[in-house]
Amino acid sequence: MTSGTSEISSLSAFADCPPVAEAVDTIVRELVEARSLITGVRRPAPELAASYEAHLARQTQIKGRPPVYPYVGCGLGHGPLVQLADGSVKWDMISGIGVHAFGHSDPDLVATALRAALSDTVMQGNLQFNTEAIEFAELLLAEAARTSRLEHCFVINSGALANESALKLCYQHNAPADRVLAFAHGFAGRTTTLAQITDSSAGRVGIPLTVPVDYVPFYDPEHGDDSIKETLNGLQQVIDRYPGRHACFVMELVQGEGGFNVAPREFFVPLMELCRDNGIAVWVDEIQTFGRTCEMFYFEQLGVGDYVDVVTVGKLSQACACLYTAQYNPKPGLLSATFVGSTVALHVGRRILARLREGGYYGPDGRIARLQTAFRKHMQALIEQHPDWFGPVPQADGRSTQRVYDGVGGMMRLTPFGGDRSKITKALHVMFDEGVIAFYCGHEPYHIRFLPPVGVMQPQQFDEVFEIMEAALARAAQSD
Ligand SMILES: Cc1ncc(COP(=O)(O)O)c(C=O)c1O
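At position 302 of the sequence shown the residue is numbered 301 (numbering that gives the first Met the number 0), and the sequence of numbers has no breaks.
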C-alpha cells in the first residue's frame, strides 16, 4: 500500500511513490530483457505462418481490401528493429509514416506510458484536461517562440484535424476570403476539405469540389532561379485574378507525400512576403517535417519563422497541434472538440519533445544531421556500385533529372529505376520480405521513402539496411 495516499496531489507524485515506481521499474526491466533478444533481421517462424495468414485474412475482411504490406506487429521491438507476429524481425525505416521517432519498445517511453496509464482517464478533452495537456502545448510553444511569433496552441488528435483547425483560423481572420493557395503535388490530409486542397486526384474521387484552390508549382531544382520566378509570377497572377479572396497559403516546406521535394530559403521568402503584403495567412504544415529535420521546426532551419502565421504539427509529437500568432487567435466557439488526445499520447508526446530538445539531435552537427550524412554516403556508394539502377529520372515536364536521392534530415528518399512505379513497388515488397520496411512517395516519378526512427537510429545501422536494400534492388532490377 502507498504511504500517505491521501496527501498525494498529482499523478506524478502517485507514480513516484515507492511501490508504484518499483512496479514500473520491474516491468521496464523485464521489457529490456525481452527486447535484448531482438538483435537483427530474422526470417518468419514456420510454425507461426498459419496464424499470421489468419490475422491478415481478418484484416482484409475488416477493411474490404488487403493491407499494403503483410504487416502485423507482435507488439515488441528493439529501437529501429520491429518484430512481427510471424516471428520475423525487420528494420523499420518508415516508423508508422513518421510517428515512432524512438522506434519500438523504448524503455523510457514505455515507462512514461505506464505511468500515464495510471491516470484517472484514458482520454482528455477541451472541457476537462490534466496538467500534461498544458505542459505538452507549452513545450511546443516554447520551442516555436524562439524563432517565430507563434503564441498560442490548439491540441487535437490527428494531423488532419490540426489542419482543419488551421484552415478555420485563416478563414475567420481573413473573412470573407474563400480561396486557398497550395503547392502542386502538396498533401494536407484526408478530410473532405483537405482532400480537395491536397493535389492528388485519386484522393478525391467522388468528393464534390466545394473549396476553390489555386495551385502554384513547388521549387524545381533543375530550374533554380527560373523556378523561383515562375512560382512567384504564378502567385502574383492568381492574387491579381482573385483580389482579396485568398484566406491562406498552405505550405509544406519539404513536400512529404509529394516526393520529399526540398526548396531553399530563397524560394519561400518572396512567396511569404507576397502573402504578407496581401494579407494572406502563411500557414506552414509541418506535420511530416516536425522533429525530424535539423531543427525541431523546419521553419527554424530555413530561417523563415518571422513570416509564419499558423503552423501545424503531428506524427512524431503523438498528439497533434495547430500553433498560431496572437493576431490569428480566433473568436470563442471556432475551435473545440471532445478530445484533445489520449492521456498516454500527451505524456509520451511531452517526453518525446523533451528528449529531442535535450538530446543533441539538432544543429548542423546534431544526431539528425549525422544520420543524413550517413544516408547520403551510402547512397553515393550504391550509385557508384550500380549506375545502371540509377539512370535519369523523367520529370512531369518531359525533361529528366539525375537527382536520384534527396530529402533533408530524417526525411530521405532514393529514386532507382527512373522512378518507375511498378519497379519501385516491386523493390519495396522485396525489401519488406528481406527485412527492411520503407514506403514510396511522389508520383511519376515515384521514390523509395525512408522515415527512420531518428530518436534511436545510429548512423552505422544503415550498413545493414543498405546491404539488404542492395540485394532487394538487384532482384527488382531483374523483374519485368
Ligand atoms: C504534410 C501532412 N499534412 C497532413 C497530414 C495528415 O495527418 P494525419 O494523417 O495525422 O491526419 C499528413 C499525413 O501524412 C502530412 O504528411
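Glycine included, every Cβ here is placed at the ideal spot set by N, Cα and C.
query: Would residue 450 pass as a contact of residue 93 if the rule is Cβ separation under 7 Å?
result: Yes, Cβ-Cβ distance for residue 450 and residue 93 is below 7 Å.
query: Would the C-beta of residue 318 count as close to ligand 1, meaning under 6 Å from any of its heavy atoms?
result: Checking every heavy atom of ligand 1 against the Cβ of residue 318, none is found closer than 6 Å.
query: To the nearest whole angstrom, what separates the beta carbons of residue 181 and residue 196, a pair I think is in contact under 8 Å?
result: In this structure residue 181 is in contact with residue 196, their Cβ atoms being roughly 5 Å apart against a cut-off of 8 Å.
- prompt: Relative to the alpha-carbon of residue 210, which residue among 46, 68, 247, 411 has its alpha-carbon at the smallest distance?
  reply: Selected option, being the one with the closest Cα: 247.
query: Which residues bound the alpha helix (DSSP H) around residue 10?
result: Start and end: 10 to 15.
- prompt: Going along the chain, which residues of its own chain have a beta-carbon closer than 8 Å to the beta-carbon of residue 363, five neighbours each way excluded?
  reply: Contacts found: 293.
query: Does ligand 1 have a heavy atom nearer than 6 Å to the CB of residue 94?
result: No, the beta carbon of residue 94 sits no closer than 6 Å to any heavy atom of ligand 1.
query: In its own chain, which residues sit with a C-beta less than 7 Å from the C-beta of residue 470, not counting the 5 before and 5 after it?
result: Once the five neighbours on either side are set aside, the close Cβ partners of residue 470 are 433.
field: Extent of the continuous alpha helix (DSSP H) run through residue 464
entry: 461 to 477 is the span of the alpha helix (DSSP H), which, as asked, contains residue 464.
message: Going by DSSP, what residue range makes up the alpha helix (DSSP H) through residue 58?
response: Counting along the chain, the alpha helix (DSSP H) containing residue 58 begins and ends at 48 to 62.
task: Output yes or no for whether 7 Å exceeds the beta carbon distance between residue 78 and residue 97.
output: Result no, Cβ atoms of residue 78 and residue 97 do not sit closer than 7 Å.
Rounded C-alpha distance that separates residue 430 from residue 437: Distance between the alpha carbons of residue 430 and residue 437 is about 8 Å.
- prompt: Using CA coordinates, which residue listed in 258, 321, 426, 427 is at the minimum distance from residue 412?
  reply: Selection 258, 321, 426, 427 evaluated against residue 412 yields 258 as nearest (Cα-Cα).
message: Give me the residue from 43, 118, 91 with the minimum Cα distance to residue 15.
response: Checked all of 43, 118, 91; the closest Cα to residue 15 is 118.
- prompt: By Cβ distance, which residues of its chain are closer than 7 Å to residue 31, with the 5 residues on each side in sequence left out?
  reply: Excluding five sequence positions before and after residue 31, the CB atoms of its chain that fall closer than 7 Å to its own CB belong to 106, given in chain order.
- request: Could you tell me the boundaries of the alpha helix (DSSP H) in which residue 178 lies?
  value: Careful: residue 178 lies outside any alpha helix (DSSP H), inside the beta strand (DSSP E) at 178 to 182.
field: At least three beta-carbon pairs within less than 8 Å, the segment 137 to 155 to the segment 281 to 300
entry: Yes, since at least three Cβ pairs between the segment 137 to 155 and the segment 281 to 300 fall closer than 8 Å, the two stretches touch.
field: Cα-Cα separation between residue 361 and residue 316, rounded to whole angstroms
entry: Rounded to the nearest angstrom, the two C-alpha atoms are 16 Å apart.
- prompt: Applying the criterion that 16 or more other CB atoms from any shown protein chain within 10 Å of the CB defines a buried residue, is residue 311 buried or exposed?
  reply: In the assembly as shown, residue 311 is a buried residue. Its beta-carbon has 16 or more other beta-carbons within 10 Å.
query: Excluding the five sequence neighbours on either side, which residues of its own chain have a C-beta within less than 6 Å of the C-beta of residue 193, listed in chain order?
result: So the list reads 159, 162, 187, once near-sequence residues are dropped.
query: Roughly how many angstroms lie between the CA atoms of residue 338 and residue 156, to the nearest whole one?
result: Per the coordinates, the alpha-carbon of residue 338 lies some 7 Å from the alpha-carbon of residue 156.
- prompt: Comparing the CB of residue 74 with every heavy atom of ligand 1, is any distance shorter than 6 Å?
  reply: Relative to the non-hydrogen atoms of ligand 1, the Cβ of residue 74 never comes closer than 6 Å to any of them.
query: For residue 125, which three-state DSSP category applies?
result: In the structure shown, residue 125 sits in coil (DSSP, three-state: anything other than H, G, I, E or B).
query: Anyone know if the C-beta pair for residue 307 and residue 90 falls short of 7 Å?
result: No.
field: Cβ-based burial, residue 263 [other Cβ within 10 Å; buried from 16]
entry: With fewer than 16 other Cβ atoms from the protein chains shown falling within 10 Å of its own Cβ, residue 263 counts as exposed.
Minimum C-alpha distance to residue 373 - residue among 463, 218, 223: Comparing C-alpha distances from residue 373 to each of 463, 218, 223 shows the shortest one belongs to 463.
task: List the endpoints of the continuous alpha helix (DSSP H) containing residue 348.
output: Judged by DSSP secondary structure, residue 348 falls within the alpha helix (DSSP H) whose first and last residues are 342 to 357.
query: Hey, out of 277, 113, 467, 410, whose CA is closest to residue 41's CA?
result: Nearest C-alpha to residue 41: 467.
message: Let me make sure I understand the geometry here. Which of 286, 476, 460 has the alpha-carbon closest to that of residue 38?
response: Residue 38 has its Cα closest to that of 460, out of 286, 476, 460.
query: When every heavy atom of ligand 1 is checked, does at least one fall within less than 6 Å of the C-beta of residue 159?
result: Under cutoff, so the answer is yes.
message: Whole angstroms are fine: how far does the CA of residue 382 sit from the CA of residue 392?
response: Spanning the alpha carbons of residue 392 and residue 382 requires a straight line of approximately 14 Å.
message: Taking the alpha helix (DSSP H) that residue 379 belongs to, which residues open and close that run?
response: Per DSSP, residue 379 is one residue of the alpha helix (DSSP H) stretching across 366 to 384.
Cutoff 7 Å; reference residue 359; Cβ partners in own chain excluding five residues on either side: The answer, listed in chain order, is 365, 366.
In chain order, each alpha helix (DSSP H) run of at least 4 residues that lies wholly inside the segment 133 to 220: Considered as a whole, the segment 133 to 220 harbours 158 to 172, 191 to 196 as its complete alpha helix (DSSP H) runs of no fewer than 4 residues, in chain order.
- prompt: Thinking C-beta only, is residue 282 closer than 7 Å to residue 261?
  reply: In this structure, residue 282 does not lie closer than 7 Å to residue 261 by Cβ.
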